[in-house]
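Peer 1: Provided herewith is a single structure, encoded as structure tokens, for subsequent inquiry.
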Amino acid sequence: MKNLKLTLILLCCFLTLSFQDSKIDEAQPSPKEIKQLLSQAENSIDMMEFDKAQRQLNKSLELAKRIDHKRYIALSSSILARMYHVRHEYDKGVTQLQRAINIQREINDEAGLAYSYILYGKLFFSKGEHDRAIKYFDLAEDYYEKEKNSEQLGLIALNKAIVYLYNPDKREQAFSLINNAEIYLKGSENKYELSRLHYYRARAAMLEGDYNKAEKAAQEALNLAKSGDYIGMTMYSFGLLSQIAERLNKPAEALEYLKQANEIQEAVFNMNKEALASDTFERLGMESLKSTVNELTLQNAEQERTLKVNKLTTILSVALITILSLLTLSLYKNNNLRARANELLQKKNSELTLAKENAEKASMAKAQFLSTITHELRTPLYAVTGLTHLLLEESPTESQKEHLNSLKFSGEYLLSLINNILDLNKLEANKVEIVKSSFNLEKRMSDVLIALKNSADEKKTKLHFDFDKSIPKKLIGDPLKISQILINLIGNSIKFTENGDIWISVKKNKQEDKKVFLQFEIKDNGEGISKEKQKAIFDNFTQGSTQINRKFGGTGLGLSIVKNLLSLLNSEIDLESELGQGSKFSFELEFEAPEAEVTETKAAPKVEEKELSNEIMEDKRILVVEDNKINQMITRKILEKNKVICDVADNGTTAIEKVKNNHFDLILMDIHMPGISGIEATVEIRKFNADIPIIALTAVTLDDNLDEFYLNGFNDIIPKPYKTEEFFHKINKYLASRETTV
């Protein structure tokens, strides 16, 4: 008998110690306390304090279950679904709402059902099921119309407007619903929903194209969100203001708003970094096990009184119960650990997703910044190069000519730097594609050497070209990428070689059917590169040494671009160099040789292009469409020096009117202008004049997507700042073509 009592005491002690960390307050909770917890949880969700909201919901659910308050049990699930909606965990939200709605229908809780229907509508909208979303908003609207609850009717009108806002066929209905929501919510103290109302009013104004109205509404949304400390709405408002500033051509403001939105996003991430696991079920499990222990103790006492004879059987029963209890506890803890591990994995996945989104936003901001700053740099550079050209043609003195040539060199150097940075940015962003075509490699290389000859002559350096005659005349590859690689490598050798020699050679390594493998080599006897610097010489902004940088200048981007281009062409560069003895760069490229008969059949006949002179421009009428006064003056003077009759339009609308009412032989069209853009103006002109040549004269950064210009009616493009020879060549070309067709 003593052994039996000792065993029962040990069992109770063990179970008490196992669950002492799950002990809960036995005091009877009040519905008022649960209601307050649920209200606090909703506020925590509005402020994106998800860990805090989770604790409050767990506590409210625990208390509601303790007093079997079904309405608050259901409401806890509804509010938890709202948190999952904010966190974009839509399937979890739907599951919680299904639980809540089942209970609310069972107890006929119409107010709770209406609340759940609104959340159901939001979740279905987020999942892309717009018709189902409207259906549940209508169900909630029926209840609140009976109750004459104007604030809830305002929220339903706002949520329906959000659904219709993204449907072009129902956009007018969305604008009307937003106005209704504003009427319903007038005088409301719910700053969170008022902030949402102004946020989507701004969205609607953007869709109407009224960006000033959108900016005002978004600012009101931001002020309300800040006053209520609603972190989520504050972050979204900053993001929207960034988009509006971009549309209003305010890049500095757009970047600042985007930065503030990202800072808030990072703060939200840090605030919810430590996910707090719910202990609701652990506590409920403790109650169940404590109840089991009490029942077992009574049963054993009864057995002790009634079965005193069978001591051995009693002891064995207690041992079996103890083993089962231990197994139950072990299974419970294993399940709990598994659940925590799954939650940890989900949290880490969310962190990685957020980090990826932040990296993508940073990359977009970088690309946007480069696009904006390039346009801002090219515009004044056009004034520098254009005015330099005009001054050089006005018979300057020798000393003035020397200064003007230096100015011209500096302008061309700055343009080269801008182009190099943009090329590198495109390569790093994987926006460069290989475009294969048939071309003559020997002629392509000869053209490169002719273009670089003046630079070599200035350095008193000789260029030696050796081309293997066994290489097929026609090859299939990307001639533009080949030219870029050779210009950078040969230009690099010219820069670091004075009074010396540069040898450029191309030899055929092997040929397998149509595949031809060629070895390129550029060798010089210039400065050379030290062994310790050779590994880093292909990195961005890297040169051999500080002394070399000061002596020869440059940014250290050329070789980095070469390395990236060769990687794109499945090749790599080799370097052999000794300091003071010169350098040798070599690489192998694969080409395809077209069949000889196919080449002969499909080759276009050679057409001798007439040499064009500026005389063709005399007495021709050219319209310059440009909003910048300095650029107008420069372009006009350059043209009038060649006896062109020049007219100017400050914007696209004026240009359209002038072309309608006057005869012009050619139009030079800027792209970015106040009012309608150059592209829009060209589209309008083409509706009534399909023949007049229109050339885009623009500082816009031209990437590989040039089709947009040609598809919208442009004949050609001249990027600013331009070389005067290219400028005149293209104008003369289209004037000559127009004369032959008239």
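Sequence positions in the sequence shown follow the working numbering and run 175 to 916. Backbone N, C-alpha and C define an ideal beta-carbon position, used for all residues, glycine too.
1. Which of helix, strand or coil does DSSP assign to GLU263?
2. Is the segment 612 to 629 touching the segment 733 to 748 in the sense that three or more CB pairs, one from each, lie closer than 8 Å?
3. Per DSSP, what kind of secondary structure is PHE412 in: helix, strand or coil?
4. Determine the contact status of ALA379 and LEU351, defining contact as a CB-CB distance below 9 Å.
5. Rounded to whole angstroms, what's the CA-CA distance from CYS186 to LEU501? Just pull it up for me.
6. Take LEU763 as the anchor and find which of GLY754, LEU660, ASP865 has the nearest alpha-carbon.
7. Does the segment 276 to 295 touch the segment 308 to 326, meaning 3 or more C-beta pairs lie closer than 8 Å?
8. For ILE497, does the count of other Cβ atoms within 10 angstroms reach 16, so buried, or fall short, so exposed?
9. In the DSSP assignment, what residue or residues form a beta bridge with ARG795?
10. Does the pairing of the segment 751 to 766 with the segment 785 to 794 give three or more beta-carbon distances under 8 Å?
11. Closest to GLY361 by C-alpha separation, out of SER324, GLY887, GLU280, LYS296, would be which residue?
12. Look at the alpha carbon of ASN788 and the alpha carbon of ALA910, and state the distance between them as a whole number of angstroms.
13. Going by the CB atoms, is the gap between ALA419 and ALA428 shorter than 9 Å?
14. Measure the alpha-carbon distance for SER633 versus ASN699 and round it to whole angstroms.
15. For the segment 220 to 229 against the segment 402 to 410, are there 3 or more C-beta pairs whose distance is under 8 Å?
16. Nearest by alpha-carbon distance to ILE859: which of LYS907, ASP242, ILE841, LYS681 is it?
17. Can you name, in chain order, every residue of its own chain whose Cβ lies under 6 Å from the Cβ of LYS684, other than the five neighbours on each side?
18. Using a Cβ-Cβ cut-off of 7 Å (strictly less than) and excluding sequence neighbours within five positions of GLY849, which residues of its own chain qualify?
19. With 16 as the cutoff for other CB atoms within 10 Å, does SER165 come out buried or exposed?
20. How would you label ALA630, buried or exposed, when you count the other beta carbons within 10 angstroms and need 16 or more for buried?
21. Going by C-alpha distance, which of ARG229, SER491, ARG240 is nearest ILE253?
22. Can you check whether the CB of ILE275 is closer than 9 Å to the CB of TYR294?
23. At the level of alpha carbons, what is the spacing between HIS903 and ALA823?
24. State yes or no: is the C-beta of ILE253 nearer than 8 Å to some heavy atom of the ligand SAH?
25. Within this structure, are the beta carbons of ALA399 and TYR366 separated by less than 9 Å?
26. By Cβ distance below 7 Å, which residues in the same chain neighbour PHE443 in space, the five residues on each side in sequence not counted?
27. Bridge partners of ALA870, per DSSP?
28. Could you check which residue in LEU329, LEU503, TRP677 has the C-alpha nearest to that of LEU359?
29. With 16 as the cutoff for other CB atoms within 10 Å, does THR487 come out buried or exposed?
30. Ordered along the chain, which non-local residues of its own chain (more than five positions away) have a Cβ less than 6 Å from that of LYS655?
31. Tell me VAL680's beta-bridge partners as DSSP assigns them.
32. So, helix, strand or coil for ASP242, using DSSP?
33. Starting from the N-terminal side, write out each stretch of the alpha helix (DSSP H) that is 4 residues or longer and does not extend beyond the segment 320 to 348.
34. Applying the criterion that 16 or more other CB atoms from any shown protein chain within 10 Å of the CB defines a buried residue, is ALA426 buried or exposed?
35. For GLN685, does the three-state DSSP call read helix, strand or coil?
36. Is the CB-CB distance between ILE208 and TYR246 below 9 Å?
Peer 2: Walking through what the data contain:
1. coil
2. no
3. helix
4. no
5. Confidence at CYS186 is low in this model, with a pLDDT of 46, below 50, so the placement of that residue is unreliable and no value is reported for it.
6. LEU660
7. yes
8. exposed
9. ILE819
10. no
11. SER324
12. 11 Å
13. yes
14. A small correction: the amino acid at residue 633 is Lys; Ser does not occupy that position in the sequence shown. Approximately 13 Å between the Cα atoms of the pair.
15. yes
16. ILE841
17. PHE691
18. ASN825, GLY826, THR827
19. Since the first residue shown for the chain is 175 and the last is 916, residue 165 is missing from the structure and cannot be characterised.
20. buried
21. ARG229
22. yes
23. 23 Å
24. No copy of the ligand SAH occurs in the structure displayed, which carries no ligand at all.
25. yes
26. LEU528
27. MET843, ILE891
28. LEU329
29. exposed
30. LEU739
31. PHE641, PHE694
32. coil
33. 324 to 339
34. exposed
35. strand
36. yes
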